[in-house]
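Novice: Per my numbering, the sequence shown runs over residues 136 to 355.
Backbone N, C-alpha and C fix where the C-beta goes; we use that ideal spot for every residue, glycine too.
Take a look at this one; I'll ask things after.
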Amino acid sequence: MKSIILLAPPAAGKGTQAKLLCEKYAFVHISTGDLIREAVSNQDEMSAYLTEQMQSGELVSDEIILKLLDTKLEEISNESGVVLDGFPRNLEQVEKARQYKHLNETVENDTCVIYLSVDYDLALKRIAGRISCPKCGHVYNDMIEDNQPTVKGICNHCQTVLTKRSDDNEDTFKVRFEMYLNQTEPLIAYYKEKGLLYEVDSSLSTAEVFKQIESIVDHL
Ligand code: AMP
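Given below as structure tokens:
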């Protein structure tokens with residue numbers, strides 16, 4: 136199964152670009168953050184731990200993430216490519232993914248990694264205005280002109296009232312960015328060395344970023 140890994144700091148636009156990619160190329164969007172939020176809503180013994188990790192900005196344990204992701208991949212037809220949004224977060228997750236049947240096939244075969252670069256100040260500004268649809272997952276931004284919903288506070292796609300993620304606040308953002316620098320950024324060199332990495336300047340508008348992503352995907 137083809138996979139496109141979106142690698143980026145928080146609020147670089149992974150979710151927005153993943154949705155656009157799936158609309159155009161019929162890939163399946165898998166966001167590990169969404170998988171965790173879904174798991175939290177099951178209200179079982181894991182919910183409290185997952186909520187605590189997300190609220191603090193720390194990562195959830197590899198074992199939980201890998202299991203959630205492998206189960207999700209099992210449900211998807213082999214024909215569809217997937218866009219991985221939020222995975223892997225570190226080198227250990229890449230290593231451990233090899234032990235999981237569906238995840239191993241997806242991450243090892245026919246993979247392209249798109250690194251969306253954005254600096255701390257712009258990412259923080261985006262966090263402040265970010266709102267998303269709790270039903271279909273579309274992401275909007277009140278502060279960015281080309282990314283606002285047509286009707287304020289309402290999802291363009293399913294008319295659900297938009298909400299703000301509780302971990303989209305400055306304190307949590309600082310920890311999430313720090314986690315990104317310490318854990319996730321080393322993956323850039325790792326994938327570059329494998330010849331799988333493409334970089335896109337994600338400080339540009341949503342449309343311009345997507346144009347660059349399209350030209351990468353069209354030439355794969
Ligand atoms: P995101 O929606 O990608 O911003 O992720 C929200 C939160 O979910 C993160 O701050 C982490 O606590 C957790 N999370 C998402 N993906 C992963 C992952 N691959 N590994 C560990 N934790 C994750």
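Once DSSP output is grouped into helix, strand and coil, what is the label at Cys247?
Specialist: The count along the sequence shown starts at 1 and reaches residue 247 at position 112. If DSSP states are grouped into helix, strand and coil, Cys247 belongs with the strands.
Novice: For Pro284, collect the residues of the same chain with a Cβ closer than 6 Å to its Cβ; drop the 5 residues on either side in sequence, then sort them by chain order.
Specialist: By 1-based counting over the sequence shown, the position of residue 284 is 149. If we look at Pro284 and ignore the five residues flanking it on each side, its Cβ neighbours are Tyr275, Asn291.
Novice: I think Gly148 touches Leu251, with their Cβ atoms under 8 Å apart; what is that distance to the nearest whole Å?
Specialist: As a working mapping, residue 148 is identified with position 13 in the sequence shown. As a working mapping, residue 251 is identified with position 116 in the sequence shown. Between Leu251 and Gly148 the Cβ distance is about 6 Å, and since that is below 8 Å, they are a contact.
Novice: Given that a residue counts as buried once 16 or more other Cβ atoms are within 10 Å of its Cβ, and exposed if not, what is His354?
Specialist: Along the sequence shown, read from residue 1 onward, the residue named residue 354 stands at position 219. Looking at its Cβ environment, which holds fewer than 16 other Cβ atoms inside 10 Å, His354 is exposed.
Novice: Span of the alpha helix (DSSP H) holding Asp179?
Specialist: For the purposes of this step, residue 179 is identified with residue 44 of the sequence shown, where counting begins at 1. That residue, Asp179, is in no alpha helix (DSSP H); it is neither H nor E in DSSP.
Novice: Rounded C-beta distance between Leu170 and Val218? I'm assuming under 8 Å.
Specialist: Reading the sequence shown from its first residue, position 35 is the one you call residue 170. Reading the sequence shown from its first residue, position 83 is the one you call residue 218. Leu170 to Val218, Cβ: 14 Å. No contact.
Novice: Compute the minimum distance between the beta carbon of Leu141 and the heavy atoms of ligand 3, and state whether it is under 7 Å.
Specialist: Looking at this structure, you won't find ligand 3 anywhere; what it does contain is ligand 1.
Novice: Give me the DSSP bridge partner(s) of Asp387.
Specialist: With the chain covering only 136 through 355, there is no way to say anything about residue 387.
Novice: With C-beta atoms as the reference, is Ser166 less than 8 Å away from Ala146?
Specialist: By 1-based counting over the sequence shown, the position of residue 166 is 31. By 1-based counting over the sequence shown, the position of residue 146 is 11. Contact flag unset, no.
Novice: So, at 6 Å on beta carbons, what are the nonlocal neighbours of Val279 in its own chain, with the 5 sequence-adjacent residues on each side left out?
Specialist: Your numbering for residue 279 matches position 144 in the sequence shown. One point to set straight first is that residue 279 is Ile, not Val, in the sequence displayed. Contacts found: none.
Novice: Could you tell me if the beta carbon of Asp302 falls within a distance shorter than 7 Å of some heavy atom in ligand 1?
Specialist: Position 167 of the sequence shown holds residue 302. Flag set: Cβ of Asp302 near ligand 1.
Novice: Which one of Ile200, Ser215, Glu198, Met181 has the shortest CA to CA distance from Val163?
Specialist: The residue given as residue 163 occupies position 28 in the sequence shown. Closest by alpha carbon: Ser215.
Novice: Once DSSP output is grouped into helix, strand and coil, what is the label at Asp197?
Specialist: Within the sequence shown, numbered from 1, the residue matching residue 197 stands at position 62. Looking at Asp197 - three-state DSSP - the assignment turns out to be helix.
Novice: Taking C-alpha atoms, which residue in Ile139, Gln190, Lys159, Cys247 lies nearest to Arg311?
Specialist: Here residue 311 corresponds to residue number 176 of the sequence shown, with the count starting at 1. The candidate whose alpha carbon is nearest that of Arg311 is Gln190.
Novice: Got a sec? Which residues, its chain only, sit under 6 Å from Asp245 by beta carbon, not counting five neighbours each side?
Specialist: Reading the sequence shown from its first residue, position 110 is the one you call residue 245. Counting only Cβ-Cβ distances below 6 Å, and skipping sequence neighbours, we find Lys137.
Novice: Express the C-alpha separation of Ala263 and Lys287 in angstroms, rounding to a whole number.
Specialist: Your numbering for residue 287 matches position 152 in the sequence shown. Your numbering for residue 263 matches position 128 in the sequence shown. So the two alpha carbons sit approximately 16 Å from each other.
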